[in-house]
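Numbering (my numbering), first residue to last: 4 to 540.
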Amino acid sequence: MASSKGAADRSDAFDAVVVGAGFAGMYMLHKLRELGLTARVYEAGTGVGGTWYWNRYPGARVDVESLEYSYQFSEDLQQQWEWSERYATQPELLRYANHVAERFDLKRDIQLNTRVQAARFDEATGRWHVTTDNGNASSRFFILASGCLSSTNVPDFKGLGGFKGSWYHTGGWPHDGVDFTGKRVAVIGTGSSAIQSIPMIARQAKHLFVFQRTATYSVPAHNGPVDPVALARVKANYRDFRERNAKTGYGFILDANEASALSVSDEERRAVYESRWARGGLGFYGSFGDFLSDKAANDTAADFIRQKIRSTVRDPVVAELLCPRTVVGCKRLCVDTGYYETYNRPNVTLVDVSKTPIDRITATGLRVGERDYEVDAIVFATGFDAMTGSVMKIDIRGNQGLRLADKWAAGPKNYLGLGVAGFPNMFLIAGPGSPSVLTNMLPSIEQHVRWIGDCIATMQARQAQRIEPVEAAEETWVSHVNELAAASLFPSCNSWYLGANVPGKPRVFMPYSGGFATYIEKCNEVASRGYEGFALS
Ligand code: N01
């Protein structure tokens with residue numbers, strides 16, 4: 004049984020405290036138990052599942068195929084679990100998370116409904132003291148599995164407090180759902196969450212107004228039931244499938260074409276894009292080898308998608324507004340079902356707020372310039388304080404009281420994305436400095452958990468008490484992450500990868516963009532050299 008609120012009103016000592024019971028926190032707990040360690044997982048929600056617990060907006064589903072976006076640590080689990088669709092819906096993913104929690108008896112060490120507020124390292128005892136809104140704990144290891152996209156971003160619009168209708172954020176959707184039937188609805192934002200929810204909301208609402216600041220590239224999902232032939236092939240040798248996936252740049256198999264987009268004729272290039280478009284999904288990233296490194300190559304993909312938008316959306320003015328002008332992939336490519344088609348509906352209006360921003364929320368709607376839009380409900384599909392938001396909300400203090408918030412004031416600094424100098428025995432899972440959000444998150448999470456588990460096992464074998472990165476290794480890693488980003492097209496637009504969506508946030512490209520396979524090699528090399536770049540004592 005998960006601990007109830009009351010049961011936690013005491014100070015507890017554990018080998019490890021883990022923040023978050025999403026896919027990362029759940030597997031970390033399982034791994035710690037395998038090592039014979041005691042652990043407590045704190046989770047702010049009333050259930051497990053992380054992202055899939057919070058993001059219940061209409062149309063929410065994964066954008067990586069379910070057969071790949073799933074745990075691989077248990078052969079029985081991956082053989083026995085049956086995904087119903089190529090891209091699982093949020094309810095199915097949440098069922099999966101709960102199934103894993105039950106199957107591995109995780110809930111008895113997960114304390115729900117509890118938010119971690121502070122964590123302080125005591126140099127004298129070598130222990131972390133963790134404060135929550137529901138009891139305190141101490142532990143040798145402090146592990147942040149708090150998620151990259153869990154701290155919601157509601158822009159500070161004037162007048163929101165006086166709005167008489169209802170408002171929602173996609174990342175904190177009511178558990179009972181929302182019925183928009185007969186309502187006039189505003190959706191603010193056109194990122195992945197908006198692109199998935201807009202077609203669903205448009206079907207219910209009397210009228211839908213979409214407020215777009217930046218147009219987004221999206222490829223069709225072509226979702227459907229899992230292909231039984233592909234399923235049988237994967238399950239016959241799931242291990243091989245996972246090994247191939249770990250050798251890719253993105254952590255999922257996309258049959259990457261290494262050729263340059265500029266090395267082939269116009270007809271050949273178009274045929275490649277058409278076949279990727281027909282297959283659907285993020286495999287579009289694998290069209291050409293220089294997709295994200297050469298602007299001229301990227302322009303050919305951008306032109307292709309713009310043509311698709313123009314041939315789908317009947318009103319040419321609306322189609323032009325929907326055509327993005329940025330680099331394809333400098334924001335995460337979206338995967339949709341009927342997104343562009345939705346703008347052909349008579350009850351949908353696209354409002355361009357790129358030049359004239361939303362001025363304020365009024366009692367009855369939104370004001371843009373001189374014009375008022377009257378609505379009954381507002382959906383903020385405005386994203387997250389990504390990658391650092393959920394970590395920075397915790398007051399974390401390391402050696403000599405050093406605050407993580409101060410250390411990261413100019414952007415996150417860590418070594419391999421796994422540890423932070425000055426914060427002994429603290430680990431991050433799939434956060435900044437690692438491939439995380441640029442990859443299939445599940446294999447990235449599992450790779451981190453395995454690495455942390457091996458590291459702790461090595462410490463036990465050597466009777467080492469503390470581990471933390473050496474400053475010089477951390478500096479070198481941060482520079483490497485920055486250099487890789489600077490050599491790519493990623494920094495060319497205002498993305499949440501760069502922190503550009505949150506006013507005042509330092510502009511630093513946060514994830515490691517050198518590719519999943521290269522990153523795994525680097526982590527393994529560090530471990531095989533006795534945790535090179537870390538100080539063990
Ligand atoms: O958030 P976003 P998201 N006025 O930050 C706009 C993952 N995910 O929740 O681009 C007007 O991408 C903002 O405009 P702009 C996935 O990794 C995955 O959609 O800043 N507009 C943008 O259009 C994804 O990348 C799935 O100009 C404002 C939108 O709000 C990540 O989560 C599904 C504004 C925010 O887009 C985040 O996606 C969903 C303002 N003041 C999410 N402020 C899958 O498919 C912001 N915007 C698995």
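Just so it is clear, CB atoms sit at the ideal spot from N, CA and C, and this is done for glycine as well.
Contact check between the region 100 to 113 and the region 38 to 53: three or more CB pairs, one atom from each, fall below 8 Å, which counts as touching.
One alpha carbon belongs to V119, the other to G392, and they sit about 13 Å apart. The beta-carbon distance between S77 and V229, rounded to whole angstroms, is 19 Å. This is too long to meet the 8 Å contact definition. Within the region 473 to 501, the complete alpha helix (DSSP H) runs of at least 4 residues fall at 474 to 489. A distance of 8 Å or more separates the beta carbons of G174 and T193.
Nearest in C-alpha terms to S540, of all of L115, V65 and G129, is G129. Linking F255 to E85 through their CA atoms gives a straight-line distance of about 19 Å. Rounded to the nearest whole angstrom, the CA to CA distance from G284 to N527 is 30 Å.
Our two residues, T315 and G341, have alpha carbons roughly 10 Å apart in a direct line. Judged by the Cβ position, V356 qualifies as a neighbour of the ligand N01 at the 7 Å threshold, a heavy atom of the ligand being closer than this. The Cβ-Cβ distance between L40 and A27 does not fall below 8 Å. Rounded to whole angstroms, G227 and L353 show a C-alpha spacing of 28 Å. Taking one beta carbon from each stretch, the region 308 to 324 and the region 463 to 480 have fewer than 3 pairs nearer than 8 Å; the two do not touch. Secondary structure note for I448: its alpha helix (DSSP H) is the uninterrupted segment M444 to R465. Contact between L32 and V21 is confirmed by a C-beta separation of about 6 Å, below the 8 Å threshold.
Shown here, A380 sits in a strand according to DSSP, grouped into three states. Its Cα nearest to that of A503, the residue F387 stands out among V378, F387 and Q450. When the Cα atoms are used, K167 and G401 turn out to be separated by approximately 45 Å.
The Cβ neighbour count for G533, taken over all protein chains shown within 10 Å, is under 16; the residue is labelled exposed. A residue is called buried when at least 16 other Cβ atoms come within 10 angstroms of its Cβ; T521 does not meet this threshold and is exposed. Counting along the chain, L96 sits inside the alpha helix (DSSP H) bounded by residues Q93 to R106. Around the ligand N01, the residues whose beta-carbon falls short of 5 Å from at least one of its heavy atoms are V65, D66, L152, P158, G192, T193, G194, S195, S196, R216, T217, R335, T385, G386, W499 and N504, given in chain order. Of the candidates F244, A239 and I204, I204 places its Cα closest to the Cα of I191.
Under DSSP, G368 takes part in a beta bridge, and its partners are E377. Contact between F145 and V133 holds: their C-beta atoms lie close to 7 Å from each other, under 8 Å.
Nearest neighbour of D409 by Cα position, chosen from T303, F493, E270 and F426, turns out to be F426.
Inter-residue distance for R279 and A490 is about 26 Å (C-alpha atoms, whole angstroms). The alpha-carbon separation between A389 and Y500 amounts to approximately 7 Å.
Take A259, set aside five residues on each side of it, and the residues of its chain with a beta-carbon closer than 6 Å to its own are G289, in chain order. In the three-state reduction of the DSSP assignment, W131 falls in the strand class.
Under the three-state reduction of DSSP, M29 is assigned to helix. For F519, the enclosing alpha helix (DSSP H) stretches over residues F519 to S531. As a beta-bridge residue in DSSP terms, Q215 pairs with D355.
Inter-residue distance for S195 and K334 is about 10 Å (C-alpha atoms, whole angstroms). When the five nearest sequence neighbours on each side are left out, the beta carbons in the same chain lying within less than 8 Å of the beta carbon of R406 are those of D398, I399 and R400, in order along the chain. For D339, DSSP records a beta bridge to P223.
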